[in-house]
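Asker: Here's a structure for you.
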Amino acid sequence: MPSDLRVTYLRCEYLVTPLGIDERAPRLSWQLDSDRRGARQVAYRVRVASTPELLPSANADLWDTGRIESAQTVHVVYSGSPLASRQTCHWQVDVWDETTTCTQSAPALWSMGLLEKTDWSARWIAADPRIITRDRDAITGTLLEPGTPALFRNEFEIPSAIKRATIYASARGLFDLRANGQRISEDLFAPEWTDYDKRIHYRTYDVTKLLTSGKNMLGAILGDGWWSGYVGWQETRARYGSLENSVMIQLEVELADGKRLTFGTDSTWRCETGPIIASDFMMGETYDARRERIGWDQPNFSDANWLPARAVTAPNVPLVAQPAEPVRITEQLKPVSLTEIQPGVFIYNLAQNISGWVRLRLPKLPAGTRIVVRHGERLSPDGTLYTENLRRAKATDTYIAHGDPSGETYEPHFTFHGFQYVELTGFPAGVKPDYATVTGCAINSATPPTGHFECSHPGVNRLWLNGLWSQRDNFLTVPTDCPQRDERLGWMGDAQVFLRTASYNCDVAAFFTKWMIDIEDAQTPEGIFPDTAPRLREGENFIGLGNLGGSAGWADAGVIIPYTIWRVYGDRRILERHYNAMVKWVDWIASHNPNGLRLNQLANNYGDWLCIPSDTSFGTHSPMKNLLATAYWADDCTKLALIAGELGHTADAARLTALFEKIRTAFQKEWLLPDGRITTETQTGYLLALAFDLLPQNLRAAATEHLVANIRDLNWHLSTGFIGISHLNPQLTLAGRADVAYRLLLRDDYPSWLYPVKHGATTIWERWNGWTHKEGFFNPHMNSLNHYSLGSVGEWLFRHVAGIELDPDVPGFSRFVLRPFIGSGLDHARATHRTLHGEIESAWKRTGGKLTWTIRVPTNTTARVYIPGNAETTDSLQVLSREKDFTLCEAPAGSYRFNSVLSN
Ligand code: BGC
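Under our numbering, the first residue of the sequence shown is numbered 39, with each subsequent residue one higher.
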């Protein structure tokens, strides 16, 4: 019988067909799909060749593993011939399954970037400032005001037919590259944010199809972005010390006859201002279409009156390939309503709070008409746009019409906004925009979607979706806190509490691999991890929060992130790469806190940020904050001891385990009463003690009851902040009180998860009281309506409602657990989660006391399956044990259906 196995989704370093990587030993992964129960891989063979022609034969010239008896399908480390700069690697996998059939994948490829400094021959160039001073309308950028971006161009001759053409490019600023009249890529905001004092990304693009033999044009528009624009709440721009943007582009052409040509930026390039008058992430963009330099990005354009670009000093830091998915427009939204709230003021509702911009499709307008686009997350009670919570972010785009008789279209270049509502003004009398005028473009890091959740409660479905949208809106090159106000920083506490949720929703492995580098780049020499990453250069005009590093629950993300990426994706390399940094951090805490309690060097000490009642003071101390800091330190030790064990650092593992024991003892002495009560009684105190194993076994049940009593005293309402909330429902469930977790989930009065949903939220709010019917909007000073932290309940929906859970002993979902906890209030629930091995599904439905449950276990994986209640059928699976609440089976790959009777 022929095997139905398919070998699909070939990835290199988590990415499909990545170009220009600089990982010299990249890891290769593939996925197996089959409908056959128990289908699995028994052996594989990977071949890597420098040309497609060499691939099918037995003489793949770069690497041929031969047949390897192994079930491994992810992170197979390339160990063939050394890979050189520019090398294209064509690869293919043969898989033998348990029926001994061999199946071959389709070929895939990756290419190497420029690995050596000497590979770069292009120069860094910047604009001649005179293009601004001689231009009446252009603006010289200052520390306070964004300036006019420059256009750069050059023409060059390619003498004969092209085999391959590749662009390598980097910038201090953001580039929008053009070749022969076209954008060379759909990527936005490249190169993306790093600590420019430590490293700068370069990008690689295949432009073979855009060039021809004969005359060609190459060009760039250069924007400010993180390099020279506003970042965070800083009142001045240029956080990396310079207002001057610069770019380097190197085009390498391989001709059909084998010759190679290189063209690069240098002072023969010409520069000029263009239609963008100013553009800044926070402030918005002003674009005067009358100033378009028609044909500038085509060959044969006369640039005689443009000025030569200036060659400038190259940055003195490494140029590195971006190891993650690019930022792109990932969805386009049509408005659902359009209201003229006052004469000439038009408000659109996109029905979804997004991060991105508006594409305008405008009717015929007189030249010079100024259309102003403002963005807001909500409307004020009088129907006008609510923008107070944007703080100093103006989030305003202005389009000045060219006057085309057939209308015109526009979308911004180097800005993004957080918004659901759009206000348009500026139309001349008698002209009105319509629905087609506005398209909302959602812009974010294009992390592949991997999860879906749905259940019988529409509010819960929306809650999950709100978390997903807040994730998408905020995962923009780094995990930011919010996309709308003057902040948008990579806050580490937010990211760590949400990471498990994020990893169910999307494949965030490459995204966090990149961000972890930013985190280590921001670590101080003593070992202090930052609170936000990438770091902004401090110094003159820097408005900091004192010391932006070392806060408990925030800086600890430096350990939590690698640990979690390892558990979820089976990634050991992130552990190896950051091991020393993690050890340094834990040792640094120890050096200041000799007694096992973390009471010293607490930095900004945010505590359980935005809990109720909330305390948003910085650098203050309290017993609860001490408890939180000590608990996180203890958990750092647990995680790092496991990591040390995994990497074979046995002495460290023993030392860290002993340190954990010491902290645990100190914790109990300081905060635990003999009846299981915690002296600083908060839900978060109990949750951390339970989650981080800080209690003696015999007091866990009592502590759980005190926790439940505390929740009952609040009449089953939420009260924890960012930190506590991520542990709340998982810990209740693991402690045998899933009933309480469900009860909390399904409440919809204030404060609860469903309260914002009931009041129209389409993303997760920063705070429980972002808006209340009693008080209206909270103080706009700190009231984002798009902050994912309180949405970390998404993890629980996947892990415990649908029951898709990691195996405690096996990282990476090659073996996993399926164990739903069926609670009252939901009649059915279904989730899918695409792991690196393929998609897991769990769907249950309850009718009266009967449960039907269907599951799907991906090919080449196995699951330990806990059938809730009293199983009537196990679909031919062998039963490992029968307990009061469940029947445990082991399931090889395949789809199964079970029936059971639920106890009461
Ligand atoms: C951010 C947070 C962050 C916090 C630190 C806020 O301004 O928006 O999400 O974690 O500061 O306490």
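Even for Gly, the Cβ is constructed at its ideal location relative to N, Cα and C. Remember, it's a predicted structure, so these values are computed and weren't measured experimentally.
#1: With distances taken between CB atoms, is the gap from Gly279 to Leu371 smaller than 8 Å?
#2: For Tyr542, tell me which candidate among Ala81, Phe339, Gly832 has the shortest Cα-Cα distance.
#3: I think His413 touches Val460, with their Cβ atoms under 8 Å apart; what is that distance to the nearest whole Å?
#4: Quick check on the contact list: which residues have their beta carbon closer than 5 Å to a heavy atom of ligand 1?
#5: Does any heavy atom of ligand 3 sit closer than 7 Å to the C-beta of Val939?
#6: Give every residue of the same chain whose Cβ lies closer than 7 Å to the Cβ of Asp99, excluding the five residues on either side of it in the sequence, and list them in chain order.
#7: Thinking C-alpha only, which one of Tyr904, Phe815, Asn824 is nearest Tyr424?
#8: State the DSSP-derived secondary structure class of Asp511, mapped to helix, strand or coil.
#9: Since Ala946 and Ala727 should fall inside the 8 Å C-beta cutoff, what is the C-beta to C-beta distance between them, to a whole number of angstroms?
#10: Less than 8 Å separating the beta-carbons of Leu48 and Ala146?
#11: Are the stretch 325 to 342 and the stretch 240 to 259 touching by the rule of at least three beta carbon pairs closer than 8 Å?
#12: For Cys675, which of helix, strand or coil comes out of DSSP?
#13: From the DSSP output, which residues share a beta bridge with Glu833?
#14: Using CA coordinates, which residue listed in Met530, Ser41, Ile761 is at the minimum distance from Arg78?
#15: Inspect the beta-carbon positions of Ala165 and Ala347 and report whether they are closer than 8 Å.
#16: Taking the beta strand (DSSP E) that Lys888 falls in, what are its first and last residues?
#17: For Gln220 and Pro197, what's the separation of their Cα atoms in angstroms?
#18: Which term fits Arg935, buried or exposed, when burial requires 16 or more other beta carbons within 10 angstroms of its beta carbon?
#19: Go to Ile581, then tell me how far its alpha helix (DSSP H) extends in each direction, as first and last residue.
#20: Could you name the residues of the same chain whose beta carbon sits closer than 6 Å to that of His50, not counting the 5 residues immediately before and after it, in chain order?
#21: Check whether the stretch 313 to 328 touches the stretch 199 to 210, taking contact to mean three or more Cβ pairs, one atom from each stretch, closer than 8 Å.
#22: If the criterion is Cβ atoms closer than 8 Å, does the pair Thr111 and Asp71 meet it?
#23: Have a look at the DSSP bridge pairing and note the partners of Ser317.
#24: Just mark Gln509 as buried or exposed, buried being the case when its beta carbon has 16 or more other beta carbons within 10 Å.
#25: Going along the chain, which residues of its own chain have a beta-carbon closer than 7 Å to the beta-carbon of Thr515, five neighbours each way excluded?
#26: Take Glu195 as the anchor and find which of Leu299, Asp442, Thr178 has the nearest alpha-carbon.
#27: With a threshold of 7 Å on Cβ separation, who are the neighbours of Arg575 within its own chain once the five nearest residues in sequence on each side are excluded?
#28: Is Phe760 helix, strand or coil when you go by DSSP?
#29: Just mark His825 as buried or exposed, buried being the case when its beta carbon has 16 or more other beta carbons within 10 Å.
#30: Between Asn767 and Leu53, what straight-line distance do the alpha-carbon atoms span, to the nearest angstrom?
#31: Can the beta-carbon of Arg500 be found less than 8 Å from the beta-carbon of Thr602?
#32: In chain order, what residues of the same chain have a beta carbon less than 6 Å from the beta carbon of Trp834, not counting five sequence neighbours either side?
#33: Assuming contact is defined by CB atoms lying nearer than 8 Å, are Lys402 and Ser444 in contact in what I supplied?
#34: In this structure, how does DSSP classify Thr246 when only helix, strand and coil are distinguished?
#35: Would the stretch 594 to 612 count as touching the stretch 674 to 692 if we require 3 or more Cβ pairs under 8 Å?
#36: Which runs of the alpha helix (DSSP H), 4 residues or longer, sit entirely within the stretch 594 to 639?
Answerer: Taking the coordinates as given:
#1: no
#2: Gly832
#3: 6 Å
#4: Asp519, Trp529, Gly531, Asp532, Tyr644, Trp647
#5: With respect to ligand 3, the structure offers nothing, as its ligand set consists of ligand 1.
#6: Ala87, Ser88, Leu92
#7: Phe815
#8: helix
#9: Shown here, the chain extends from 39 to 942; a query on residue 946 therefore has no answer.
#10: yes
#11: yes
#12: helix
#13: None, per the DSSP bridge assignment.
#14: Ser41
#15: yes
#16: 888 to 906
#17: 21 Å
#18: exposed
#19: Taken as a continuous stretch (DSSP letters only), Ile581 belongs to no alpha helix (DSSP H), as it is neither H nor E.
#20: The sequence given here has Cys at residue 50, not His. Excluding residues within five positions, the ones whose Cβ falls inside 6 Å are Pro56, Pro64, Leu66, Trp148.
#21: no
#22: no
#23: Glu323
#24: buried
#25: Phe227, Glu230, Trp231, Val365, Ser483
#26: Leu299
#27: Asp235, Arg277, Tyr278, Gly279
#28: helix
#29: buried
#30: 33 Å
#31: no
#32: Asn767, Pro768
#33: yes
#34: helix
#35: yes
#36: 595 to 607, 611 to 630
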